[in-house]
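Take a look at the structure below.
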Amino acid sequence: MVVEFEDNRLAAIVFGQHDHNLARIEQKLGVTLINRGNRVAIEGGADNSEMAKRVLGDLYDLAKKGHEIAVGDVDGVLRMNEGTVLSGEATPTKPATADSKKAGFLTEQLKITTRNCVVVPRSPGQADYVAKLKNNLMVFGVGPAGTGKTYLAVAMAVSRMLAGEVDRIILSRPAVEAGESLGFLPGDLKDKVDPYMRPLYDALYDMMPAEQVEKRIASGQIEIAPLAYMRGRTLSNAFIILDEAQNTTSMQMKMFLTRFGENARMVVCGDPSQVDLPRGTRSGLRHALDILRGVDNIAVTRFNHRDVVRHPLVAKIVDAYGDDDGR
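Residues in the sequence shown are numbered from 10 upward in steps of one, following the numbering used here.
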């Protein structure tokens, strides 16, 4: 089987420096790729060769849109085409939306456009999550670390704010200590809490220029605050994200969810396997998932180790731990 690309320059982007991207495809699919100019000969089993052909085509489409192809993009294309685990296992996958003909990596409807970048899902779970973020008022993203729950939610929030669909973004986390103490940290409350909010800041800086982030934070258009600061408020015309929701109590979760106001969107992100609450305290995230099942306009995406988009070793660690929360 031979794949031929029209543009040699784009083909080189697909191949990667020193053909690193081709080597990644070979490793994951068990095929041999031999490139000559703008042509790639694919040798291997029929199914895997066909898969490699589709992956190369998707990567070429991505390169045509001006995207530099990194190993993470190759892994993402593989996941979206076959639901692959980074160890090489493959299972069938379903489209992310009911009217999709293909669970394609480059599905236009699943792109999130921000000031700095265009964010696309890199796994079937992420595709499902993005589709639900676009179509529901409240979404729960539940699953292990490294699956992009918070990152994609922040991207969607920034996209909606830049499009004028919401006036502000509100990002919150419970200030629960993961085995450490806040009290002995130097500085005022902001200084003590900021380390807990750093993942939210990092995501924002990926989506917008730093000076715009700082300006919008200073003006209150972007608010990053501990969960306790939400009490008594009605959050209207806002995109609201609660991160690390597994560390809320049931009462805190109820308080947060009932802040929902007119023209609001709300996303709750958490990993039930990493609860830092005192022993015997039920996680508000688990409670909410139980009692809100079937409520209209509330959707849930459950990620697993197959959706981990960090280093492949992280997926193996998540799989090894499974549902064990260490208690």
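We put the beta carbon where it would ideally sit given N, CA and C, even for glycine.
These numbers come from a predicted model, not from an experiment.
- Excluding its 5 nearest sequence neighbours in each direction, D280 has C-beta neighbours in its own chain below 7 angstroms: G152, P153, A154, Q255, listed in chain order.
- Approximately 6 angstroms separates the beta-carbon atoms of L209 and D252; this is inside 8 angstroms, confirming the contact.
- With respect to the C-alpha of H76, the residue from R33, I34, Q221, G25 having the closest C-alpha is G25.
- Under DSSP, I22 shares a beta bridge with no residue.
- A buried status is given to H314, since no fewer than 16 other beta-carbon atoms sit within 10 Å of its beta-carbon.
- In this model, R33 and R63 are separated by some 15 angstroms (Cα to Cα).
- Each residue's CA atom was taken as its position, placing A219 and R225 some 10 angstroms apart.
- Of the residues assessed, M170 falls on the buried side of the cut-off, its CB having 16 or more other CB atoms within 10 angstroms.
- Cα atoms of R124 and G289: separation of roughly 44 angstroms, rounded to the nearest angstrom.
- Between A164 and I178, the beta carbon gap of about 11 angstroms keeps them out of contact (Cβ cut-off 8 angstroms).
- Beta-bridge annotation (DSSP): S181 is paired with A234, L251.
- Cβ contact annotation for G85 (same chain, cutoff 8 angstroms, sequence separation greater than five): F114, V129, P130, R131, S132, V318, in chain order.
- Counting other Cβ atoms within 10 Å of its Cβ, K141 reaches 16 or more and is therefore classed as buried.
- Following the DSSP letters along the chain, one finds M275 inside the beta strand (DSSP E) bounded by residues 274-279.
- Separation of C126 and M217 (C-alpha to C-alpha, rounded to the nearest whole angstrom) is 8 angstroms.
- Here DSSP, grouped into helix, strand and coil, assigns F14 to coil.
- The three-state secondary structure of M147, taken from DSSP, is strand.
- Shown here, N313 sits in coil according to DSSP, grouped into three states, outside any helix or strand.
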